[in-house]
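Numbered by UniProt numbering, the letters in the sequence shown go through residues 1 to 118 in order.
Below: the structure, in structure tokens.
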Amino acid sequence: MEQPKTLNLENGEKLPSIFSSEEMQSRLSRLREQMEKEGIEGVLFTSFHNINYFDHFVYTAFGRNYGLAVTLKRICSITANIDGGQPWRRGVGDNLVYTDWKRDNFFVGVQELLQGSR
Numbered sequence: 001m002e003q004p005k006t007l008n009l010e011n012g013e014k015l016p017s018i019f020s021s022e023e024m025q026s027r028l029s030r031l032r033e034q035m036e037k038e039g040i041e042g043v044l045f046t047s048f049h050n051i052n053y054f055d056h057f058v059y060t061a062f063g064r065n066y067g068l069a070v071t072l073k074r075i076c077s078i079t080a081n082i083d084g085g086q087p088w089r090r091g092v093g094d095n096l097v098y099t100d101w102k103r104d105n106f107f108v109g110v111q112e113l114l115q116g117s118r
């Protein structure tokens, strides 16, 4: 039986952000303006500083990879299944969960979100 590599866990309700939605949208707008200037269609952030700044989610890695994929139209965190639905509840964007069934599933998630991006 093939186990899923990624999944969506949108359980619970979105939680209020410390920053206003206007502030969070301003941050993303400035990033996307720079991306357009540079001809960049998608970026991947992997530091908790940038993930927190753009998505309002702070993680504890426990040896697992975390990321935030930002395209000109979408923002989506890539998080380990151990966090359940918390990244989706805390974040301002979407969330893609990767499972631990195979070692490279984080990179499968990155490819799902950014494949074809420059």
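The beta carbon of each residue, even a glycine, is placed where N, CA and C say it ideally should be.
Bear in mind that the values here come from a model prediction, so they are computed numbers and not experimental data.
N- and C-terminal bounds of the alpha helix (DSSP H) containing residue i
i: Asp94; result: Premise fails: Asp94 lies in the beta strand (DSSP E), 94-98, not in any alpha helix (DSSP H).
i: Val110; result: 105-114
i: Trp88; result: 86-90
Backbone secondary structure at residue i - three-state DSSP
i: Leu15; result: coil
i: Phe48; result: helix
i: Ser117; result: coil
i: Ile75; result: strand
i: Leu9; result: coil
Nearest candidate by alpha-carbon position, reference residue i, set the options
i: Pro16; options: Asn105, Gly91, Arg32, Leu44; result: Gly91
i: Ile78; options: Glu23, Glu38, Gly85, Ala69; result: Ala69
i: Ala61; options: Val43, Phe54, Ile75, Ile82; result: Ile82
i: Lys37; options: Leu72, Asp94, Gln111; result: Leu72
i: Ser117; options: Asn52, Ile51, Met35; result: Met35
In DSSP terms, what residue i is bridged to
i: residue 129; result: Given a span of 1 to 118 for the chain in the structure shown, any question on residue 129 remains unanswerable.
i: Gly42; result: Thr71
Other residues of its chain near residue i: CB distance less than 6 angstroms, five sequence neighbours each side excluded
i: Tyr98; result: Thr6, Asn105, Phe106, Gly109
i: Gly12; result: Gly85, Arg89
i: Leu96; result: Thr6, Cys76, Ile78, Gly109
Sequence-distant residues of its chain with Cβ nearer than 7 angstroms to residue i (five each side left out)
i: Gln3; result: Thr99, Trp101
i: residue 145; result: With the chain covering only 1 through 118, there is no way to say anything about residue 145.
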